[in-house]
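Novice: I'd like to ask you about the structure that follows.
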Amino acid sequence: MKNNECALKVEQLTVNYDKTPVLWDISFEVPGGKLVGIIGPNGAGKSTLLKSLLDMTPQLSGKVEFFGEPFKKVRRKVAYVPQRSSVDWDFPVTAFDVVLMGRFGKLGLLKWPVAADREAARHALEMVGMLPFAERQISQLSGGQQQRLFIARALLQDADIYLMDEPFSGVDMATEQAIIALMDALKAKGKTLFVVHHDLSSVDRYFDWVIMLNTCLIACGPVAEVFHAESIMRAFGKEGILLGEAAKLTQTKTSGIN
Amino acid sequence: MNTAFLDFFIDPVLRAPTIGSMLMCLAASFVGVLAFVRRRSLLGEALSHCAYPGVVISALITPLFFSASEEALALAVLIGAFCSGVIGLWVIDKLEHRFRVSDDAALCFVLAIFFGVGVLVASRIQITHALIYRKIQVFIYGQAATMTDSHVYMYSGLVLLSATILFCFYREIQVSFFDRQFAKSIGIRTRLVDRVLFFLLVLAIVIGIRSVGVVLMAGMLISPAVAARQFTHSLKWMFCIAGLVGAVSGFLGNFFSIALPEWGKKAGFDWDFILPTGPMILLSSVTICFFALFFAPDRGLLSRFCRIVKFRDRCILENVLKSMWRKGEGAKVSFKEFASWASYSQFFTFFLLLRLRRQGWMEKKQNLFCLTSDGRLRAAHIVRLHRLWEVYLVHMGQKAEKVHRSAEEMEHIITPELEKELTDLLKDPRQDPHHQPIPRKEV
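Which chain is which? The protein sequence lines are D and V, in order.
As numbered in this note's numbering, residues -19 to 238 make up the first sequence, in order.
As numbered in this note's numbering, residues 166 to 608 make up the second sequence, in order.
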């Protein structure tokens, strides 16, 4: 599909919460058709990066382009999978309802899902092995099943770029393998996937491209080239912690807390 | 006088309060569902108190500019309540987002301040404008009885408005309340959806305080939603059920406020009064809510209790089968012997055996009880699950002498899928940790 084109281009992106820098002058480019891992310690700004790509957090400066266009113009080509813990799983909806939400972006105002949308939702549920649970209330599902629902919802969006926030946190091994298989299948179709990931040991098995973050960009490139001991040290070692502490100090000083 | 059911919708005096209350409860329960699933149930409490100063001040100002007709006053009070509700909302929003006050603190703060101001002004005009004071007192505890047809028209317009908004933006509301981040990513303006909810909330409160009053309004918002949640897992049905509960309790409130004293009089009491409608409406809806909590088919306490009893009963039956199986194939046991090793009363044992025979697990030959072939199979299966579980626990590092107790319970619980996984994991063992044989799985 859009293999050769640059799927995502970020230029000098800076994001602050209050006055604390969360992302600092990030610039990188990722070609299409890659399975990209976003790696970094806690609080490195991985989730924030995804959110600012989606225009959800106010950016101080910088430019984000998907296929050479701003997010607002290509919204339908981008599917987002938020962290599982960010939603209220007691909410009165069934698994099927959740997946169907994947079509809401395509429907305009005052349009209702039609039979084809429902069929597509069932198909997406089947792809993640959740069809038997379609009518289950979501609070009765296990963590892995809930995550599969989110993936199914993203599949239904039929996007070219997938942004997934920690899809492997708190899921069982079977689900992790199933999700990885789906991701590989999507990649084979020429889609680009960005996945926030925690487990360093599986990075080289799962991904073929990696973005390493710790407030600043540490590295971005093919796993084989940039994912090595030195860059891991820089992302997870003492250097990064100092920057975080400095940021926290700035915050307390400038806001007059202490 | 004996008021018939239908009179509440026909009688010129009764119909306006009845229909008005029902409409109001309908709107309140729709919006209540939203606030409930958004986990902002307390917002209704704060906002209804916020509306009070608006009521007082607008009732005070209107006669200065317009004729003091009932209709003009009613409309002015609605607008005043709406405005001060919106101001309260704005203050809460600012406190939470600008000043980082936690939401419960912000709600308490705004509730107290606004209601305080209202009471302050009201106590002043108690002396200066006694007539107006009496009119606005109605809004504290609600008084449906004095509603007229013009109120009903006004309310039905407002109800229609909020129902339309809900219907048209149902999908946007659902997705942004469930998963805010995702909603943002597909281009739904979640802040706007929140605003719409808050707007509807203020609207419902403005409609509602005339009949149930600022103090009881929050209960009216939430109790139909709580009741509906017990019956369904779907937001659509929650709206429908809550609406029904709301409308029914609106009617029942009016009905009982008149019918109860009538019944009392008939029974010979000296009950010469009409009960206030507002509290009666709320009591009806809370009663329905309690019924739902106890008797709802899936989540209700009663059905949970029934399930526990059923499970315990199955355990007892299965334990009997198991003990019979241990006696060996073809073993026959007399009733007396049975009663001696079962720790139940003779009466209970008799029925236990009767049920086992009727279900086909046991049979009776010449006053002796024995297992049927089906019963033997079932008992063997229970023993198999028991011993499989013991093997599994020992496999996981437990001591062999400690695993029996856990297996006693798990033998009744393990599902066929779990059994298969255990069998695969333990490579279909032949012996349990106590060197007892594990019965084969029948194929």
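For each residue, glycine too, the CB sits at the ideal point set by N, CA and C.
Closest to Gly201/D by CA distance: which of Gly124/D, Val190/D, Lys53/D, Leu166/D is it?
Specialist: By 1-based counting over the first sequence, the position of residue 201/D is 221. The option with the nearest alpha carbon to Gly201/D is Val190/D.
Novice: If we ignore side chains and look at the alpha-carbon of each, how far apart do Cys190/V and Ile446/V end up?
Specialist: For the purposes of this step, residue 190/V is taken as residue 25 along the second sequence, with counting starting at 1. For the purposes of this step, residue 446/V is taken as residue 281 along the second sequence, with counting starting at 1. Cα to Cα, the separation comes out at about 9 Å.
Novice: Please check if any C-beta of chain V sits within less than 8 Å of the C-beta of Tyr186/D.
Specialist: Locating residue 186/D in the first sequence gives position 206, counting from the first residue. With 8 Å as the cut-off, Tyr186/D does not count as an interface residue toward chain V.
Novice: Give every residue of the same chain whose Cβ lies closer than 8 Å to the Cβ of Leu40/D, excluding the five residues on either side of it in the sequence, and list them in chain order.
Specialist: For the purposes of this step, residue 40/D is taken as the residue at position 60 of the first sequence. Around Leu40/D: Thr(-6), Val(-5), Asn(-4).
Novice: Does Ser65/D pass the burial test, meaning 16 or more other C-beta atoms within 10 Å, or should it be called exposed?
Specialist: Here residue 65/D corresponds to residue number 85 of the first sequence, with the count starting at 1. Looking at its Cβ environment, which holds fewer than 16 other Cβ atoms inside 10 Å, Ser65/D is exposed.
Novice: With 9 Å as the C-beta to C-beta threshold (strictly closer), list the residues of the stretch 347 to 371 of chain V near chain D in chain order.
Specialist: Those would be Phe347, Ala348, Lys349, Ser350, Ile351, Gly352, Ile353, in chain order.
Novice: Just checking: is the beta-carbon of Asp589/V within a distance shorter than 8 Å of some beta-carbon in chain D?
Specialist: Numbered from its first residue, the second sequence carries residue 589/V at position 424. Output row for Asp589/V: interface = no.
Novice: Can you pull out the residues from the stretch 180 to 204 of chain V whose beta carbon lies closer than 8 Å to at least one beta carbon of chain D?
Specialist: Val202, Arg204
Novice: What number of angstroms, rounded off, separates the C-alpha of Met(-19)/D from the C-alpha of Met192/D?
Specialist: Along the first sequence, read from residue 1 onward, the residue named residue -19/D stands at position 1. Along the first sequence, read from residue 1 onward, the residue named residue 192/D stands at position 212. Low local confidence applies: a pLDDT of 44 at Met(-19)/D is under 50, so the model's placement there is unreliable, with the coordinate-based value given in what follows. Straight-line Cα distance between these residues: approximately 26 Å.
Novice: Exposed or buried, which one is Trp4/D when buried takes at least 16 other CB atoms within 10 Å?
Specialist: Residue numbering aside, residue 4/D sits at position 24 when the first sequence is read from its first letter. It counts as buried.
Novice: Short check: CB of Val380/V to CB of Gly250/V, under 8 Å?
Specialist: Locating residue 380/V in the second sequence gives position 215, where the first residue counts as 1. Locating residue 250/V in the second sequence gives position 85, where the first residue counts as 1. Against a cut-off of 8 Å, the Cβ pair of Gly250/V and Val380/V comes out as no contact.
Novice: Would you say Gln157/D lies against chain V (beta-carbon separation less than 8 Å)?
Specialist: Position 177 of the first sequence holds residue 157/D. No, Gln157/D lies away from the interface with chain V (no Cβ there is under 8 Å from its Cβ).
Novice: Could you pull out every residue in the same chain whose Cβ sits closer than 6 Å to the Cβ of Leu365/V, ignoring the five residues on either side in sequence?
Specialist: For the purposes of this step, residue 365/V is taken as the residue at position 200 of the second sequence. Same-chain partners within the cutoff: Val196, Ser327.
Novice: To the nearest angstrom, how far is it from the Cα of Leu33/D to the Cα of Gly42/D?
Specialist: Position 53 of the first sequence, counting from 1, holds the residue named residue 33/D. Position 62 of the first sequence, counting from 1, holds the residue named residue 42/D. One C-alpha to the other measures close to 10 Å.
Novice: For Cys200/D, list the residues DSSP reports as bridge partners.
Specialist: The residue labelled residue 200/D in the question sits at position 220 within the first sequence. Ile191/D.
Novice: When you compare only the Cα positions, how much space is there between Ile132/V and Leu550/V?
Specialist: This structure does not reach residue 132/V, given that chain V is present from 166 up to 608, and the question cannot be answered.
Novice: Grouping DSSP H, G and I as helix and E and B as strand, with all else coil, what is Thr232/D?
Specialist: Residue 232/D sits at position 252 when you count from the first residue of the first sequence. Looking at Thr232/D - three-state DSSP - the assignment turns out to be helix.
Novice: Is Val380/V close to chain D? Criterion is C-beta to C-beta, closer than 8 Å.
Specialist: The count along the second sequence starts at 1 and reaches residue 380/V at position 215. Not an interface residue.
Novice: I'd like to know whether the C-beta of Phe264/V is nearer than 8 Å to at least one C-beta of chain D.
Specialist: Reading the second sequence from its first residue, position 99 is the one you call residue 264/V. Output row for Phe264/V: interface = no.
Novice: Return the Cβ separation of Gly418/V and Ser186/V in integer angstroms, given the expectation that the two are a contact with Cβ distance under 8 Å.
Specialist: Sequence index remark: in the second sequence, residue 418/V carries index 253 (1-based). Sequence index remark: in the second sequence, residue 186/V carries index 21 (1-based). Contact flag correct, Cβ pair sits at about 6 Å.
Novice: Taking Arg293/V as the reference, which of Phe264/V, Leu225/V, Thr329/V, Arg354/V has the closest Cα?
Specialist: Position 128 of the second sequence holds residue 293/V. Per the sequence shown, the amino acid found at residue 293/V is Thr instead of Arg. Cα-wise, what sits closest to Thr293/V is Leu225/V.
Novice: When the cut-off is 8 Å and only beta carbons count, does Val67/D lie next to chain V?
Specialist: The residue labelled residue 67/D in the question sits at position 87 within the first sequence. It does: the Cβ of Val67/D has a partner Cβ on chain V nearer than 8 Å.
Novice: Just curious, the beta strand (DSSP E) that Ser7/D is in, first and last residue?
Specialist: Position 27 of the first sequence, counting from 1, holds the residue named residue 7/D. Here the beta strand (DSSP E) through Ser7/D covers 0 to 11.
Novice: For the beta strand (DSSP E) containing His263/D, list its first residue and its last residue.
Specialist: With chain D running from -19 to 238 in the structure shown, residue 263/D is simply not present.
Novice: Mapping DSSP to helix, strand and coil, what is Glu45/D?
Specialist: The sequence position of residue 45/D within the first sequence is 65, counting from 1. Strand at Glu45/D.
Novice: Please report the Cβ distance between Val286/V and Pro218/V, rounded to the nearest whole angstrom; I am assuming they are in contact, meaning their Cβ atoms lie under 8 Å.
Specialist: Here residue 286/V refers to the residue found at position 121 when the second sequence is read from its first residue. Here residue 218/V refers to the residue found at position 53 when the second sequence is read from its first residue. Right, the Cβ-Cβ distance comes to about 7 Å (below 8 Å), so this counts as a contact.
Novice: Short check: CB of Ala181/V to CB of His398/V, under 8 Å?
Specialist: What you label residue 181/V is simply residue 16 of the second sequence in a count that begins at 1. What you label residue 398/V is simply residue 233 of the second sequence in a count that begins at 1. For Ala181/V and His398/V, no; Cβs fall outside 8 Å.
Novice: Using beta-carbon positions only, say whether Leu143/D and Ala104/D come within less than 8 Å of one another.
Specialist: Counted from its first residue, the first sequence places residue 143/D at position 163. Counted from its first residue, the first sequence places residue 104/D at position 124. For Leu143/D and Ala104/D, no; Cβs fall outside 8 Å.
Novice: Is Met153/D closer than 8 Å to Phe347/V when the C-beta atoms are compared?
Specialist: Against the second sequence, residue 347/V aligns to sequence position 182. Against the first sequence, residue 153/D aligns to sequence position 173. Taking 8 Å as the Cβ cut-off, Phe347/V and Met153/D do not qualify as a contacting pair.
Novice: Name, in chain order, the residues that DSSP records as bridge partners for Asn22/D.
Specialist: If you number the first sequence from 1, residue 22/D lands on position 42. For Asn22/D, which the question treats as bridged, DSSP gives no partner whatsoever.
Novice: Quick one: grab the DSSP three-state call for Lys401/V.
Specialist: Your numbering for residue 401/V matches position 236 in the second sequence. Annotated three-state conformation of Lys401/V is helix, per DSSP.
Novice: Do Leu208/V and Ala216/V have their C-beta atoms within less than 8 Å of each other?
Specialist: The sequence position of residue 208/V within the second sequence is 43, counting from 1. The sequence position of residue 216/V within the second sequence is 51, counting from 1. No.
Novice: So what's Ala(-9)/D in DSSP terms, helix, strand or just coil?
Specialist: On the first sequence, residue -9/D is found 11 positions in, with the first residue counted as 1. According to the sequence shown, residue -9/D is Glu rather than Ala. In the structure shown, Glu(-9)/D sits in a strand (DSSP, three-state: E or B).
Novice: DSSP three-state label for Phe264/V, please.
Specialist: Indexing the second sequence from 1 puts residue 264/V at position 99. Three-state result, Phe264/V: coil.
Novice: Pairs of beta-carbons, one from the stretch 234 to 246 of chain V and one from the stretch 422 to 441 of chain V, closer than 8 Å: are there three or more?
Specialist: no
Novice: According to the neighbour-count rule (16 or more other Cβ atoms, all chains shown, within 10 Å of its Cβ), is Asn22/D buried or exposed?
Specialist: For the purposes of this step, residue 22/D is identified with residue 42 of the first sequence, where counting begins at 1. When all chains shown are included, Asn22/D counts as exposed.
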